[in-house]
Structures are given as C-alpha cells and as structure tokens.
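*Asks:* The listed protein sequences correspond, in order, to chains A and B.
If you're matching positions, the first sequence starts at 185 in the working numbering and goes up one per residue.
If you're matching positions, the second sequence starts at 17 in the working numbering and goes up one per residue.
Glycine included, each C-beta is placed from N, C-alpha and C at the ideal position.
Right, I'll just put the structure down here and ask away after.
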Amino acid sequence: SQTIHQWPATLVQPVGSPLSLECTVEGTSNPNLYWYRQAAGRGLQLLFYSVGIGQISSEVPQNLSASRPQDRQFILSSKKLLLSDSGFYLCAWDTSGSYFSQETQYFGPGTRLLVL
Amino acid sequence: SQQGEEDPQALSIQEGENATMNCSYKTSINNLQWYRQNSGRGLVHLILIRSNEREKHSGRLRVTLDTSKKSSSLLITASRAADTASYFCATSGTYKYIFGTGTRLKVLA
Numbered sequence: 185s186q187t188i189h190q191w192p193a194t195l196v197q198p199v200g201s202p203l204s205l206e207c208t209v210e211g212t213s214n215p216n217l218y219w220y221r222q223a224a225g226r227g228l229q230l231l232f233y234s235v236g237i238g239q240i241s242s243e244v245p246q247n248l249s250a251s252r253p254q255d256r257q258f259i260l261s262s263k264k265l266l267l268s269d270s271g272f273y274l275c276a277w278d279t280s281g282s283y284f285s286q287e288t289q290y291f292g293p294g295t296r297l298l299v300l
Numbered sequence: 017s018q019q020g021e022e023d024p025q026a027l028s029i030q031e032g033e034n035a036t037m038n039c040s041y042k043t044s045i046n047n048l049q050w051y052r053q054n055s056g057r058g059l060v061h062l063i064l065i066r067s068n069e070r071e072k073h074s075g076r077l078r079v080t081l082d083t084s085k086k087s088s089s090l091l092i093t094a095s096r097a098a099d100t101a102s103y104f105c106a107t108s109g110t111y112k113y114i115f116g117t118g119t120r121l122k123v124l125a
C-alpha cells in the first residue's frame, strides 16, 4: 500500500534562518507531488506541484522553493524565513497520467512551522 | 483566491443529528471531491462525484451536485462525536486542485 511521510512534524525557526521540509512517498511510482500551505483555520493554498523529477511548477510568488531530486521525494526550502512563512505545510500525491482531471489526493500528516 | 466556498464556516450539532455542508464553485468541473481534516492532521479523501452525477452515497455520507448552480452539498447522517473535523470541497483541473475554505463541524456528545 502507498504511504506518504513528512518531517519534521513540528518546527520552530527564527526569522532569517533556512528551511528544509521533506516529503517522501512509498508504494507508487511517478506520482504527481504537491506542496500546500494552510493558515490557521483556513483552506489550502497550493504552493508547488511536480509531475516528474526536476519538474517544478510554482503557483504563487513567494519566499519558498521546491525541488524533486528523486521520483518519490519532494523538498520545500527557503534560504531566509519570514514571519509570514508560518503555517501548516502539507505534502500530497496523486497518480500521474490524468492530465485533464485529477481525482484523489493523498495527504501526508503535515509539518507545523512557526517562525519567530 | 479559493474557488470553492463552503457554507457554513462552522457548524455545531448534537450527536445523532444530521449535518449538512454546502460548497459553491465558479468554473466548469469534471468532478468535485470532499475531504475531511482532523485537527492538526492531513486531509483524507471522503468521496468524489463526477459532473454527470447528481447524487452519490458512501456509508453515512450523501453528496449532491448541481452543476447548473455550481454547488454541492455533503450530508452526514446520524452524526457521531468522531465526525468532529473540518470538511473541504475541492475541484480539480490540470494538475491542480482548488480547495474551499472549509466547514468546521463539531458534534457534541
């Protein structure tokens, strides 16, 4: 069966420090991968998605970047964190090949980031 | 901005009652999905309804879709305390899902 891991679960970082959040998927090949941010009590904002190794699409201009060094690994990074980067970060995957309509996403447990 | 908007934003009911949440969206869709999120956790897919379907059932869940009104509803029957969570609708396009702002459901025992 497929599983998705995220770490760390919680992170407290000072403003200006770097960030690296990791997401890995097991039990599937060539997934589409996604990073979302969720502000407290709000919906999900799509940050990045990737349809293959080295292929990253950014949805909103921001202080963050993403990379996909391996098929089932997705990394969210920042060189210098801002206070506004605080939030709940969720990684998700779905099956590739459904170009015109995605159907079901599978989410990781999330990372809560607090920038002080 | 989020395409989906859920209504109400928050809902509090007694155990055993039914809970109804609504979702509106703006563009044409191929399908609409509902997800559940327990506090501080990831989202879990509940049910998907396609644009050519009007109603779908899964256990205690009933979803309706009205494409003419660009709206969907999620009904949870005979609610339980364990149903306490946030519920989100999502529409999907090319590699993108657009999530609504969610309805926070609290079921009182």
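May I ask you to list, following chain order, the residues of the segment 48–59 of chain B that have a beta carbon less than 9 angstroms from some beta carbon of chain A?
*Replies:* Listed by position along the chain: Q49, Y51, Q53, G56, R57, G58, L59.
*Asks:* List the residues that DSSP assigns as beta-bridge partners of N216(A).
*Replies:* Here the question's residue 216(A) lines up with position 32 in the first sequence. D278(A), per the DSSP bridge assignment.
*Asks:* When burial is assigned at 16 or more other CB atoms within 10 Å of the CB, is V130(B) buried or exposed?
*Replies:* Not covered by the structure: residue 130(B). The range shown for chain B is 17 to 125.
*Asks:* Using a Cβ-Cβ cut-off of 8 angstroms (strictly less than) and excluding sequence neighbours within five positions of A193(A), which residues of its own chain qualify?
*Replies:* Sequence index remark: in the first sequence, residue 193(A) carries index 9 (1-based). If we look at A193(A) and ignore the five residues flanking it on each side, its Cβ neighbours are P293, G294, T295, R296.
*Asks:* Quick one: complete beta strand (DSSP E) runs, 3+ long, within the segment 187–272 of chain A?
*Replies:* You should have 187–191, 194–197, 203–210, 216–222, 228–236, 239–242, 249–254, 257–262.
*Asks:* Is the beta carbon of H61(B) less than 8 angstroms from the beta carbon of Q289(A)?
*Replies:* Position 45 of the second sequence, counting from 1, holds the residue named residue 61(B). Position 105 of the first sequence, counting from 1, holds the residue named residue 289(A). Yes, Cβ-Cβ distance for H61(B) and Q289(A) is below 8 angstroms.
*Asks:* Helix, strand or coil for A26(B) per DSSP?
*Replies:* Along the second sequence, read from residue 1 onward, the residue named residue 26(B) stands at position 10. A26(B): strand per DSSP, three-state reduction.
*Asks:* Hey, how far is the Cα of I237(A) from the Cα of K263(A)?
*Replies:* For the purposes of this step, residue 237(A) is identified with residue 53 of the first sequence, where counting begins at 1. For the purposes of this step, residue 263(A) is identified with residue 79 of the first sequence, where counting begins at 1. Answer to the nearest angstrom: the Cα atoms are 22 angstroms apart.
*Asks:* Here's the rule I'm using: 16 or more other beta-carbon atoms within 10 Å means buried, otherwise exposed. How should G58(B) be labelled?
*Replies:* Here residue 58(B) refers to the residue found at position 42 of the second sequence. It counts as buried.
*Asks:* Of the residues N247(A), D278(A), Q190(A), C275(A), which one's Cα is nearest the Cα of S201(A)?
*Replies:* Sequence index remark: in the first sequence, residue 201(A) carries index 17 (1-based). That would be N247(A), whose Cα lies nearest to the Cα of S201(A).
*Asks:* For L64(B), go through chain A and note every residue whose CB falls closer than 8 angstroms to its CB, in chain order.
*Replies:* By 1-based counting over the second sequence, the position of residue 64(B) is 48. The answer, in chain order, is E287, T288.
*Asks:* Going by beta carbon distance, what residues of the same chain come within less than 7 angstroms of F284(A), once the five residues before and after it are set aside?
*Replies:* Position 100 of the first sequence holds residue 284(A). The pLDDT assigned to F284(A) is 47, lower than 50, so where the model puts this residue is not dependable; a value taken from the coordinates is nonetheless given after this. Here the set comprises nothing.
*Asks:* If the cut is a Cβ gap below 8 angstroms, which residues of chain A does T117(B) touch?
*Replies:* Within the second sequence, the letter at position 101 stands for residue 117(B). R226, G227, listed in chain order.
*Asks:* Suppose the cutoff is 8 angstroms on Cβ atoms and the five residues either side in sequence are ignored; what does the same chain contact list for Q53(B) look like?
*Replies:* Working through the second sequence from its first residue, we reach residue 53(B) at position 37. Excluding sequence neighbours, Q53(B) sits near L59, V60, A101, S102, Y103, F104, G118.
*Asks:* Looking only at C-alpha atoms, which of S261(A), T187(A), R221(A) sits nearest to L274(A)?
*Replies:* By 1-based counting over the first sequence, the position of residue 274(A) is 90. For L274(A), the nearest C-alpha among the options comes from R221(A).
*Asks:* Residues in its own chain within less than 6 angstroms of Q49(B) by CB, not counting five upstream and five downstream?
*Replies:* Stepping through the second sequence from its first residue, residue 49(B) is reached at position 33. Cβ within range, chain order: L64, A106.
*Asks:* Please compile the residues from chain B whose C-beta is within a distance smaller than 9 angstroms of the C-beta of L230(A).
*Replies:* The count along the first sequence starts at 1 and reaches residue 230(A) at position 46. Within 9 angstroms Cβ-Cβ: K112, Y113, I114, F115.
*Asks:* Tell me the residue span of the beta strand (DSSP E) that contains T80(B).
*Replies:* What you label residue 80(B) is simply residue 64 of the second sequence in a count that begins at 1. Element bounds for T80(B): 77–82.
*Asks:* Rounded to the nearest angstrom, what separates Q125(B) and L205(A) at their Cα positions?
*Replies:* Within the second sequence, residue 125(B) is the residue found at index 109, counting from 1. Within the first sequence, residue 205(A) is the residue found at index 21, counting from 1. Just to set this straight, residue 125(B) is Ala in the shown sequence, not Gln. Their backbone Cα atoms lie some 38 angstroms apart in a straight line.
*Asks:* Under 8 angstroms Cβ-Cβ, which residues of chain A neighbour H61(B)?
*Replies:* In the second sequence, the residue the question calls residue 61(B) occupies position 45. What H61(B) touches in chain A: T288, Q289, Y290.
*Asks:* Can you give me the C-alpha to C-alpha distance between N68(B) and A94(B), rounded to a whole angstrom?
*Replies:* As a working mapping, residue 68(B) is identified with position 52 in the second sequence. As a working mapping, residue 94(B) is identified with position 78 in the second sequence. Each residue's alpha carbon lies about 28 angstroms from the other.
*Asks:* Going by beta carbon distance, what residues of the same chain come within less than 7 angstroms of E31(B), once the five residues before and after it are set aside?
*Replies:* Within the second sequence, the letter at position 15 stands for residue 31(B). Only S95, R96, A97, V123, L124, A125 meet the Cβ criterion.
*Asks:* Name the residue from D269(A), C207(A), S185(A) whose alpha carbon lies nearest to the alpha carbon of Q254(A).
*Replies:* Residue 254(A) sits at position 70 when you count from the first residue of the first sequence. When only C-alpha atoms are compared, the closest one is C207(A).
*Asks:* Whose C-beta lies closer than 6 angstroms to the C-beta of E71(B) among residues of the same chain, with five residues either side of it excluded?
*Replies:* Within the second sequence, the letter at position 55 stands for residue 71(B). Taken in chain order, the residues that qualify are T80.
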